[in-house]
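Novice: Would you mind keeping the following structure in view while I ask a few things?
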RNA sequence: AGCGGGGUAGAGGAGAGGUACCUCGGGAGGCUCAUAACCUCCAGACCCCGGUUCGAUUCCGGGCCCCGCAACCA
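Residue numbers (this note's numbering): 124 to 596.
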């Protein structure tokens, strides 16, 4: 028997300057469903996630909170880590923190390799500073070269020495990478990044002066600088495989990456250029998801429309939360979510759909069948769709089957037939149980607990407790 | 500036050169195995203006409107 190819899948590491976002939860659940699916198919699977913990913003937040930075990130990392069991993520999933010692060593090794290649160099960097805010400003924060808050003050330009990454050198190599038409999915994101790279690349700063901000991985052989957070964070995808000690990444890399659309550039251009520079294999594929909005607007604390993953699991439970995120959040486009809509999806499809159908079939089976139905293991999943991250369409197929089964019961009325022709009715019920079995098997990667409950019920020929509790409105 | 995406029933989504589909909601009926669930039927839509075509909502051009990205912001 030939052994199946190893599958590596990773989320982007969320930056821990605030609580876990529903967007990250979605990414995590998708990665998990993908990993579970390949695990079922017999592939060795490595599922990676974790937290990105360096940089100015985190340093500032810790200062604000009056806490030691390490203590501060330790607390936040815990909050993110707790999310995994909450969302039913595979227990063997890897959780990396960019403050882990091994990760920091790997980031430094990455730096050394890029530097040896001549792709990291020192240059003077113009920093724009607003005296009014007493803060450095990026171009996007400025309006016509002025600070929007202090329009009378001129912006002061300060010269600063930084290390730069020779991003511009990789324009052609990146474009060659994008020839692989499914390198970035969906295709319109591939077009977007290609256009960006075609437009020309500028080298960017990859270090910060330690005197200004020491919360970063130290630059090798230079006491005065720490790495800019991107450079260090991106390396996590390979540091978790045991690189650089394991030059072959333990067989896991290259792998599949998930990211939000705000991360398109970092993942599909910057990170790939870093890998090319270090002469390491580039990613296999990058899946770019949309954003989740609420009530037509971005979720924000000031608007009060934030829906946290913990609120979802509190209201619907782990399994239903997975279902909602996988089927009703569009894999590529932005999705608008409100509690009203979530309740609707939950009630219509889980309570009235899957839950009710399971109850009606298993009640008939329990009452009218003498023995459990013999079922065969079938894996009739739409593999192509799953490999393209089309979670929705796979689940649509399952719910289509559920609808057909409800129809079948109404049309054929086994509950009525049983009074005159028991054998005929039993045959119908057996067919239904087999169909239900198939539905449960198709759900294993998406809703593992629910699938297990249904499969057990079929095996015991017993109606289970209600699968989904009706929400009181 | 530029780049990219989009405007389909009351709401949210899918779709295709030729009877426009799904979910929720509205109306009528049916059933009683099931979690007041389930099934059937009905009403209701392709932003505007040109072009290509026997025929476009679908392709092309223009307009109006919306939304991302616009680099060191993870």
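Positions of the beta carbon are idealized from the N, C-alpha and C atoms, including for glycine.
On a predicted model such as this, the values are computed, not experimentally measured, just so you know.
(1) Hey, how far is the Cα of residue 533 from the Cα of residue 584?
(2) Is the Cβ-Cβ distance between residue 97 and residue 135 less than 7 Å?
(3) Quick one, which of 357, 201, 332 and 304 has its alpha-carbon nearest residue 345's?
(4) Report yes or no: do three or more beta-carbon pairs, one from the region 349-360 and one from the region 209-223, lie closer than 8 Å?
(5) For the candidate residues 457, 468 and 459, whose alpha-carbon lies nearest to that of residue 445?
(6) Considering only the beta carbon of each residue, do residue 432 and residue 148 sit closer than 7 Å?
(7) Mapping DSSP to helix, strand and coil, what is residue 308?
(8) Could you check which residue in 457, 160 and 542 has the C-alpha nearest to that of residue 417?
(9) Please determine, among 295, 185 and 309, the residue with the shortest C-alpha to C-alpha distance to residue 513.
(10) What number of angstroms, rounded off, separates the C-alpha of residue 379 from the C-alpha of residue 573?
(11) Where does residue 460 land, buried or exposed, given buried means 16+ other C-beta within 10 angstroms?
(12) Look at the Cβ atom of residue 330, then the Cβ atom of residue 340, and state whether they are nearer than 7 Å.
(13) Provide the residue span of the beta strand (DSSP E) that contains residue 384, from first to last.
(14) Output needed for residue 570: all residues of its chain with C-beta closer than 7 Å, excluding positions within five of it in sequence on either side, in chain order.
(15) What does the alpha-carbon distance come out to for the pair residue 166 and residue 130?
(16) Would you kindly check if the distance between the Cβ of residue 518 and the Cβ of residue 600 is under 7 Å?
(17) Can you list the beta strand (DSSP E) stretches of 3 or more residues lying completely in the region 144-187, in chain order?
(18) Rounded to a whole number of angstroms, what is the C-alpha to C-alpha distance between residue 386 and residue 196?
(19) Does the structure place the region 356-375 close enough to the region 201-211 that three or more beta carbon pairs sit under 8 Å?
(20) What residues in its chain sit with their C-beta under 7 Å from that of residue 487, if we drop five residues either side in the sequence?
(21) What first and last residue would you give for the alpha helix (DSSP H) that runs through residue 431?
(22) Among the residues of its own chain, which have a CB less than 7 Å from the CB of residue 375, if the five just before and after it don't count?
Specialist: Answer, in terms of the structure:
(1) Distance from the CA atom of residue 533 to the CA atom of residue 584, rounded to whole angstroms, is 22 Å.
(2) Within the shown structure, residues of the chain are numbered from 124 to 596, placing residue 97 beyond reach of any answer.
(3) Closest by alpha carbon: 332.
(4) Segments in contact, yes.
(5) Per the C-alpha coordinates, the member of 457, 468 and 459 positioned closest to residue 445 is 468.
(6) Cβ distance < 7 Å, so residue 432 and residue 148 count as in contact.
(7) In the three-state reduction of the DSSP assignment, residue 308 falls in the strand class, which pools E and B.
(8) Ranked by Cα distance from residue 417, the first of 457, 160 and 542 is 457.
(9) Comparing Cα positions, the closest option is 309.
(10) For residue 379 and residue 573, the distance between alpha carbons rounds to 27 Å.
(11) Under this definition residue 460 is a buried residue.
(12) Between residue 330 and residue 340, the C-beta gap is not smaller than 7 Å, which leaves the two residues out of contact.
(13) Residue 384 -> no beta strand (DSSP E), and no H or E assigned at all.
(14) 442, 445 and 446, listed in sequence order.
(15) Cα-Cα distance, rounded: 7 Å.
(16) Absent from the structure is residue 600, since the part of the chain shown begins at 124 and ends at 596.
(17) Runs found: 168-174.
(18) For the pair residue 386 and residue 196, the Cα-to-Cα distance works out to about 22 Å.
(19) Remark: fewer than three beta-carbon pairs, one from each stretch, lie closer than 8 Å, so the region 201-211 and the region 356-375 are not flagged as touching.
(20) For residue 487, where only same-chain residues beyond five positions count, the Cβ hits under 7 Å are 537, 538 and 552.
(21) Per DSSP, residue 431 belongs to no alpha helix (DSSP H) and is neither H nor E.
(22) So the qualifying residues of the chain are 129, 131, 169 and 364.
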